[in-house]
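Chains A and B supply the protein sequences, listed in that same order. Last residue of the first sequence: 219 in the UniProt record's numbering, with the numbers rising by one and none dropped. Last residue of the second sequence: 219 in the UniProt record's numbering, with the numbers rising by one and none dropped. Each remark here refers to the structure printed beneath this line.
There are 2 protein chains.
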Amino acid sequence: MSWSRHGRDGDEGRGKGRRSYHHGNLREALIEAALDLIAAKGPAGFTVAEAARSAGVSPAAPYRHFRDRDALMADVARQGFERFEAFLKTAWADGRPDSFTALGNVGRAYLAFARTEPAYYSAMFEAGVPLDEHPELREAGDRSFAIVRKACEQLSETLPKDERPPALMMALHIWSLSHGIASLFARGDAGLRKLPMSPEDLLEAAVLIYLQGLGLGRP
Amino acid sequence: MSWSRHGRDGDEGRGKGRRSYHHGNLREALIEAALDLIAAKGPAGFTVAEAARSAGVSPAAPYRHFRDRDALMADVARQGFERFEAFLKTAWADGRPDSFTALGNVGRAYLAFARTEPAYYSAMFEAGVPLDEHPELREAGDRSFAIVRKACEQLSETLPKDERPPALMMALHIWSLSHGIASLFARGDAGLRKLPMSPEDLLEAAVLIYLQGLGLGRP
DNA sequence: CAGCTCATGTGAACAGCTTTTACATAAGGC
DNA sequence: GCCTTATGTAAAAGCTGTTCACATGAGCTG
Chain A
1 MSWSRHGRDG
11 DEGRGKGRRS
21 YHHGNLREAL
31 IEAALDLIAA
41 KGPAGFTVAE
51 AARSAGVSPA
61 APYRHFRDRD
71 ALMADVARQG
81 FERFEAFLKT
91 AWADGRPDSF
101 TALGNVGRAY
111 LAFARTEPAY
121 YSAMFEAGVP
131 LDEHPELREA
141 GDRSFAIVRK
151 ACEQLSETLP
161 KDERPPALMM
171 ALHIWSLSHG
181 IASLFARGDA
191 GLRKLPMSPE
201 DLLEAAVLIY
211 LQGLGLGRP
Chain B
1 MSWSRHGRDG
11 DEGRGKGRRS
21 YHHGNLREAL
31 IEAALDLIAA
41 KGPAGFTVAE
51 AARSAGVSPA
61 APYRHFRDRD
71 ALMADVARQG
81 FERFEAFLKT
91 AWADGRPDSF
101 TALGNVGRAY
111 LAFARTEPAY
121 YSAMFEAGVP
131 LDEHPELREA
141 GDRSFAIVRK
151 ACEQLSETLP
161 KDERPPALMM
171 ALHIWSLSHG
181 IASLFARGDA
191 GLRKLPMSPE
201 DLLEAAVLIY
211 LQGLGLGRP
């Protein structure tokens with residue numbers, strides 16, 4: 001919340017208590033405000049005007065930093081994918097202690113991200129930002145996917161060469177499963193379906209069964 | 001498109017060429033207009049005003065039939081779930097020729113619906129209609145899910161009693177997988193990710209591997 | 001058929017949103 | 001110290017959702 005404005009400190013950060021004409025860090029302040037709004041009212045409830053208000057600037061100011069509403073949303077999503085990638089990478093931990101366990105950790109991390117950062121997750125997957133008009137978004141998404149792909153590759157290679165399933169397909173399956181569970185049962189808290197078990201357990205069971213079917217049972 | 005207005009015919013249906021004061025079938029005309037708009041511009045692009053315009057009535061008229069924008073969207077989604085249920089039920093075909101094959105047909109039907117009715121699918125899963133405020137929506141969704149559950153039950157029962165996986169869990173897994181693939185790769189045509197295989201093949205492979213893992217390989 | 005009632009439409013209005021335009025301000029390099 | 005340029009404002013146009021009082025006419029009741 002303390003965006004600091006070029007290092008000078010003062011009593012800013014209290015909503016409209018801004019003194020200088022220039023904000024100093026409006027771009028990030030807007031993204032942060034957008035995140036709060038999306039978390040509170042869903043991706044459709046986010047408005048440029050309210051983000052501007054919450055950053056203490058006029059409704060026109062955001063357009064110095066973003067072409068339009070979609071561009072702001074796309075930037076939120078891009079930032080989300082970057083954090084997502086880092087989060088998954090940490091969970092994967094270069095395949096330690098073993099690729100089987102590590103892949104399970106990636107799955108849990110996927111759901112944990114959807115649950116603890118529902119605003120990012122919404123912007124990334126549910127805001128309907130057209131990927132064709134925001135190629136940087138697609139690339140950021142691909143980088144996240146690459147982690148899962150890498151994990152599947154490494155796990156697949158624990159099998160003898162002629163029994164290895166195609167890693168790309170595995171990755172697509174596990175990604176789809178995780179995304180399905182996340183968007184049906186594990187995003188935020190509003191308007192979601194109830195479940196007789198935790199989403200994490202549901203995903204873990206599915207992955208175990210799936211890997212069993214590939215001949216990749218627990219080592 | 002020819003809503004017929006109490007059976008009388010004339011040259012209506014040409015946009016604003018309506019003669020009588022009362023529309024006669026506004027409710028359904030609005031739902032149809034909403035579907036077209038959602039299909040064309042996504043769930044966020046749909047506006048009550050434009051739906052009213054396309055039905056040839058004033059912007060206030062829709063509020064005689066729907067409490068607000070969300071209520072209209074929820075009704076579209078409800079209708080979508082009803083068609084979805086019927087569609088899945090047909091694909092299931094009471095488990096013929098055998099429950100294994102029939103479950104595969106249900107999966108294909110799931111994706112086919114998402115692809116051929118992207119507007120319904122959007123309204124059902126991506127519009128962010130709060131389920132708590134529209135219980136009839138949740139119930140309609142549950143009825144669709146029940147088909148998948150039934151299919152899993154019947155397939156599970158082809159195994160000896162002590163080897164049967166819990167049908168509810170199976171159904172959740174397969175539903176999540178289908179939904180994940182549908183929303184990542186198989187809805188409409190805009191802004192989606194490319195795939196090295198058809199979504200149908202991707203899903204079929206996943207389900208086969210999953211069932212294999214449960215000890216439910218092809219009979 | 002006359003008349004009443006009620007569902008369903010209209011028009012006008014308000015508030016809020018997105019986005020553009022012309023103008024204001026200040027930061028930083030010459 | 002001045003000039004350029006990035007970044008802010010105010011005002012406006014054209015949308016939107018939604019509500020209000022009022023208009024219309026379909027169908028029942030007598």
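Glycine included, each C-beta is placed from N, C-alpha and C at the ideal position.
In the structure shown, P135(B) adopts helical secondary structure according to DSSP, grouped into three states. Looking only at D132(B), M169(B), A52(B), A109(B), the smallest Cα-Cα distance to N25(B) is reached by A52(B). With respect to G213(A), Y210(B) sits close: the two C-beta atoms are nearer than 8 Å.
Secondary structure of M73(A) (DSSP, three-state): helix. Interface residue (Cβ-Cβ distance to chain B less than 8 Å): S183(A) is classified as such. Minimum Cα-Cα distance from M169(A) among the listed residues P166(B), S183(B), P160(B), D201(B) corresponds to D201(B). DSSP places P62(B) in the helix class (H, G or I) of the three-state scheme. For chain A, the residues of the UniProt domain "HTH tetR-type" (24 to 84) of chain B that bring a beta carbon within less than 8 Å of one of its beta carbons are G42, P43, A44, in chain order. Interface flag for L155(A) against chain B is unset, since no Cβ pair is found closer than 8 Å. In this structure, A206(A) sits away from R115(A), with a CB-CB distance that is not shorter than 8 Å. Rounded to the nearest whole angstrom, the CA to CA distance from L203(B) to Y120(B) is 21 Å. In the three-state scheme derived from DSSP, where H, G and I count as helix and E and B as strand, D201(B) is classed as helix. Straight through space, the alpha carbons of L103(B) and P165(B) are spaced by roughly 15 Å. CA-to-CA, the gap between P118(B) and A182(B) works out to about 10 Å.
Contact annotation for G213(B) against chain A: L208, I209, Y210, L211, Q212, G213, L214 [CB-CB distance below 8 Å, chain order]. When DSSP states are grouped into helix, strand and coil, S122(A) belongs to the helix group.
Residues of chain A whose Cβ lies closer than 7 Å to the Cβ of L172(B) are, in chain order, L202. Considering only L195(A), A151(A), L155(A), L192(A), the residue with the shortest C-alpha distance to V106(A) is A151(A).
Distance check between G42(B) and each of Y63(B), P59(B), M73(B) places M73(B) closest, using alpha-carbon atoms only. With its beta carbon less than 8 Å from one in chain B, M169(A) belongs to the interface. Against chain A, the CB of G128(B) has a partner CB under 8 Å away; the residue lies at that interface. H23(A) is not a Cβ neighbour of V76(A), given a cutoff of 8 Å. Collapsing the DSSP output to three states places D68(A) in coil. Per the C-alpha coordinates, the member of L159(A), L184(A), R149(A) positioned closest to A167(A) is R149(A).
In the structure shown, the three-state DSSP call for H23(A) is coil.
Counting only residues of its own chain and dropping the five nearest sequence neighbours on each side, Y21(B) has no CB closer than 7 Å to any other CB. Per DSSP, reduced to three states, the secondary structure at F46(B) is coil, with no helix or strand assignment. A residue is called buried when at least 16 other Cβ atoms come within 10 angstroms of its Cβ; P97(A) does not meet this threshold and is exposed. Using a Cβ-Cβ cut-off of 8 Å, G95(A) does not count as an interface residue toward chain B, since no Cβ of chain B sits closer than that to its own.
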